[in-house]
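Top to bottom, those sequences are chains A and B.
Residues in the first sequence are numbered from 14 upward in steps of one, following my numbering.
Residues in the second sequence are numbered from 14 upward in steps of one, following my numbering.
There are 2 protein chains.
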Amino acid sequence: MEDVKCNGCHLKCDSFKFLTKDELELIEANRSTVVFRKGEKIIRQGSIFKEMVSFNQGLAKIHIEGTGGKDLLLGIISSSEIIGGPGLFHDKRYSFSLTALTTSRICLIDSEIFMQVFKTNYLFAESFLREFSRRYNDFFQRFLSLTQKQMHGRMADALLFMADSVFNADSFDLPLSRQELGEFAGMSKESVCRILKEFKDEKLINTNGQKIDILKKDLLCRILEAI
Amino acid sequence: MEDVKCNGCHLKCDSFKFLTKDELELIEANRSTVVFRKGEKIIRQGSIFKEMVSFNQGLAKIHIEGTGGKDLLLGIISSSEIIGGPGLFHDKRYSFSLTALTTSRICLIDSEIFMQVFKTNYLFAESFLREFSRRYNDFFQRFLSLTQKQMHGRMADALLFMADSVFNADSFDLPLSRQELGEFAGMSKESVCRILKEFKDEKLINTNGQKIDILKKDLLCRILEAI
DNA sequence: ATAGAGTATTGATTTATATCAATTGGATTA
DNA sequence: TAATCCAATTGATATAAATCAATACTCTAT
Chain A
14 MEDVKCNGCH LKCDSFKFLT KDELELIEAN RSTVVFRKGE KIIRQGSIFK EMVSFNQGLA
74 KIHIEGTGGK DLLLGIISSS EIIGGPGLFH DKRYSFSLTA LTTSRICLID SEIFMQVFKT
134 NYLFAESFLR EFSRRYNDFF QRFLSLTQKQ MHGRMADALL FMADSVFNAD SFDLPLSRQE
194 LGEFAGMSKE SVCRILKEFK DEKLINTNGQ KIDILKKDLL CRILEAI
Chain B
14 MEDVKCNGCH LKCDSFKFLT KDELELIEAN RSTVVFRKGE KIIRQGSIFK EMVSFNQGLA
74 KIHIEGTGGK DLLLGIISSS EIIGGPGLFH DKRYSFSLTA LTTSRICLID SEIFMQVFKT
134 NYLFAESFLR EFSRRYNDFF QRFLSLTQKQ MHGRMADALL FMADSVFNAD SFDLPLSRQE
194 LGEFAGMSKE SVCRILKEFK DEKLINTNGQ KIDILKKDLL CRILEAI
C-alpha cells in the first residue's frame with residue numbers, strides 16, 4: 014500500500030474536505046495509516062483516548078464489552094467516518110471498542126492535533142459534530158430496539174439494518190458469525206439460529222451459510238414495527 | 014417569580030459563565046423562563062428541535078418512549094444543565110423526552126441563537142460539548158447496565174445512582190413511583206416491589222413508602238458488580 | 001483424503017422475568 | 001366517616017429466552 018497524501022486521498026471523510034491546505038498538512042504530519050485484519054481491535058474500550066480514528070475502507074464493529082465478558086454490538090462502520098466517541102470532549106477514555114470485521118484501512122490522528130483544527134475551523138467542527146451526533150442518534154435507536162422489542166422484532170431490525178444501512182442491497186454476505194449477530198440483536202447464538210430458521214420456513218428470507226437474501230421486506234418491516 | 018436577568022442569575026449552567034456581556038444579553042433577549050409542574054412534559058421525543066433547555070431548578074427525567082407505550086427512563090436531571098440531545102447538530106428533532114418530576118424552573122433558548130453563540134465563543138462551545146458528552150457517556154453506562162445485568166444488579170445500580178448522583182445522600186425520598194423506578198431499572202413494577210422487599214429483608218436497605226435508606230452500601234455495590 | 005477445530009444447528013430443559021389476579025394501604029373527596 | 005380511587009404489594013401462573021447437550025457441517029492443515 015503506497016502512502017497517499019491526505020490532500021489527494023479520495024477515501025477521507027467528508028468533514029476533512031472543509032480543511033484548508035495548511036490544516037490538512039498539519040493532520041498529515043500527525044497521522045499514521047494502519048491496516049487492521051479481521052478480528053483485530055482498533056479501539057479498546059476504557060483505554061486512554063489518544064487518537065481519533067478516521068475509518069477509510071473495510072468493515073468494523075462498534076461494541077461495548079460487559080464485565081461478564083458479554084459483548085454488545087452497537088453498530089457497523091462500512092464507510093468513511095471519523096470515530097472517537099464522547100471521550101474526546103469528556104474523560105479522554107474510549108467508551109466503546111472498535112474491531113475490524115474485514116481487512117480495514119484507517120488513519121489514526123493525534124487527538125490534540127485534531128482538537129487544534131476543530132477549534133480553529135468552524136465549518137469542519139460543525140461537519141464533524143453532525144457526524145458525531147448522527148452516530149449518537151443511531152445508538153439511541155439501537156437502545157430503543159434492544160430494550161423495547163422482543164427477539165423477532167430485534168432480528169428483523171438487525172437484518173434490515175444490514176440490508177439498508179450497510180450493504181444497500183437485499184442480498185448480502187453477512188460479515189458476522191451467528192454469535193456476533195446475536196450480540197447485535199441482543200440474543201444468544203442459538204436463538205439466532207432458531208429465528209433465522211423460522212424466517213426461512215416462512216419464506217421471509219433465504220439463508221445459506223453467511224449468505225442472506227431478504228425475500229419479503231414488507232413483512233419483515235411489519236415484524237419490526239409490531240412492538 | 015420575578016424575572017431575573019441572565020447576568021445576575023445564579024442558577025444558570027456553568028457553561029454560560031464563559032459568555033461575554035453582549036452574548037449573555039443576546040441569549041437573554043431570546044429566552045423564556047417557564048415553570049413546569051410534576052408530570053408536565055418539557056421536551057417531547059420526536060418533535061421539532063426549536064429550543065435548548067437550560068434546566069435550572071427542580072427534578073426531571075430523561076426518557077425514551079417506545080412504540081408500545083413502554084417508557085424507558087434514561088436519566089435524572091437534578092442540577093443545572095443545558096439539555097438538547099444529538100438533534101441539535103443532527104436532524105433537528107428531539108431524540109428523547111424530558112418530563113418534570115417535581116416543580117421545575119427552566120429557560121428555553123432559541124436554538125438558532127444558541128448556535129450563533131456556540132459558533133463564535135469557543136470557550137463556551139467547549140464547555141457545552143464537555144457537558145453534552147458527559148451526558149452521552151452516562152447513556153452508555155445505562156446501556157451497559159440495562160443490557161448486561163439482571164434484575165438485582167440493575168436495581169442496585171438504580172438505587173446507588175439515586176444516592177450518589179442525584180441526592181448525594183444515602184437516605185432520600187424517591188421522586189419516582191414504583192412504575193417509574195421499574196422504567197429506570199428495566200423491569201416491571203411488580204418486580205420492583207419484590208426486589209425492594211428482598212433487599213429490605215436482607216437489611217441492605219430500608220423502605221417506607223417513597224423513603225429509602227441505604228444501609229449496606231458495600232454489599233449493594235457488590236451486587237451491582239456481580240455481572 | 002483425513003483429522004481436527006471451530007462454528008452452526010436442533011432439541012430438551014431450566015430460569016428469569018412478565019403478566020395476571022387479588023388484596024392491601026394511603027390519600028382525597030363527598 | 002364513608003366512599004372512591006390509585007399505587008403498592010404479594011402470590012400464582014405463563015412465557016420468552018437462555019443454557020445445556022448432542023450432532024452436523026465447514027474449513028484448514030497435514
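Beta carbons: idealized from backbone N, C-alpha and C, even for Gly.
As the structure is a computational prediction, the values presented were derived from the model and not from experiment.
- One alpha carbon belongs to B:R143, the other to A:F102, and they sit about 5 Å apart.
- A:F185 places its beta carbon less than 8 Å from that of A:I225.
- When the five nearest sequence neighbours on each side are left out, the beta carbons in the same chain lying within less than 8 Å of the beta carbon of B:A176 are those of A182, D183, F185, I227, K230, in order along the chain.
- Shown here for B:Q70: same chain residues with a beta carbon closer than 7 Å to its own, the five before and five after excluded, namely L24, S117, R118 in chain order.
- For B:S146, the chain A residues whose Cβ falls inside 8 Å of its Cβ are P99, G100, L101, F102, H103, in order along the chain.
- Assigned with DSSP and collapsed to three states, A:H165 falls in helix.
- Using a Cβ distance threshold of 8 Å, B:F68 and B:I90 count as a contacting pair.
- Residue-level contact check: B:G81 touches chain A, since one or more beta carbons of chain A fall below 8 Å from its beta carbon.
- Here B:K210 is exposed. Its C-beta has fewer than 16 other C-beta atoms within 10 Å.
- In the DSSP assignment, B:A113 falls within the unbroken beta strand (DSSP E) covering 110-113.
- In this structure, A:I122 keeps its C-beta atom at 8 Å or more from the C-beta atom of A:I55.
- As DSSP reads the structure, A:H76 sits in a beta bridge with A:L86, A:S110.
- Per DSSP, A:E193 is not a residue of any beta strand (DSSP E); the alpha helix (DSSP H) it occupies stretches across 191-198.
- Closer than 9 Å at the C-beta level to chain B, one finds no residue of the region 184-195 of chain A.
- In the displayed model, B:E94 falls within a strand according to three-state DSSP.
- Listed by position along chain B, the residues whose Cβ is nearer than 7 Å to that of A:T160 are L85, L159, G199.
- With at least 16 other beta carbons inside 10 angstroms of its own, B:Q58 counts as buried.
- Chain order gives no chain A residues near B:Y107, where near means a beta carbon separation below 8 Å; the closest approach is about 11 Å.
- In the structure shown, A:N150 adopts helical secondary structure according to DSSP, grouped into three states.
- Below the 8 Å Cβ cutoff, chain A contributes F102, H103 as neighbours of B:R143, in chain order.
- B:A42 is classed as exposed because its beta carbon has fewer than 16 other beta carbons within 10 Å across all chains shown.
- In the DSSP assignment, A:T133 falls within the alpha helix (DSSP H) that extends over 124-133.
- For the 8 Å CB-CB criterion, A:L85 and A:E196 form a contact.
- With its beta carbon less than 8 Å from one in chain B, A:I77 belongs to the interface.
- With a 10 Å radius around the Cβ and a threshold of 16 neighbouring Cβ atoms, B:S28 comes out buried.
- Taking CB atoms only, A:E36 has no neighbour in chain B less than 8 Å away.
- Judged by beta-carbon spacing, A:R167 lies beyond the 8 Å limit of A:L173, meaning their Cβ atoms are not closer than that value.
- Think of a sphere of 7 Å around the beta carbon of A:N134: no beta carbon from chain B falls inside it, the nearest being about 11 Å out.
- If you draw a straight line from the Cα of B:G98 to the Cα of A:E53, it comes to about 32 Å.
- Judged by DSSP in its simplified three-state form, B:F62 adopts coil rather than helix or strand.
- When Cβ-Cβ separations below 8 Å define contact, A:E64 makes no contact with chain B.
- Relative to the Cα of A:R148, the nearest Cα in the group B:H165, B:D104, B:G79, B:L187 belongs to B:D104.
- DSSP, reduced to helix, strand and coil, places B:V179 within a helical segment of the structure shown.
- Assigned with DSSP and collapsed to three states, B:S201 falls in coil, not helix or strand.
- Taking the CA atoms as reference points, B:E78 sits about 43 Å from A:T33.
- B:N20 carries a helical assignment under DSSP once its states are collapsed to helix, strand and coil.
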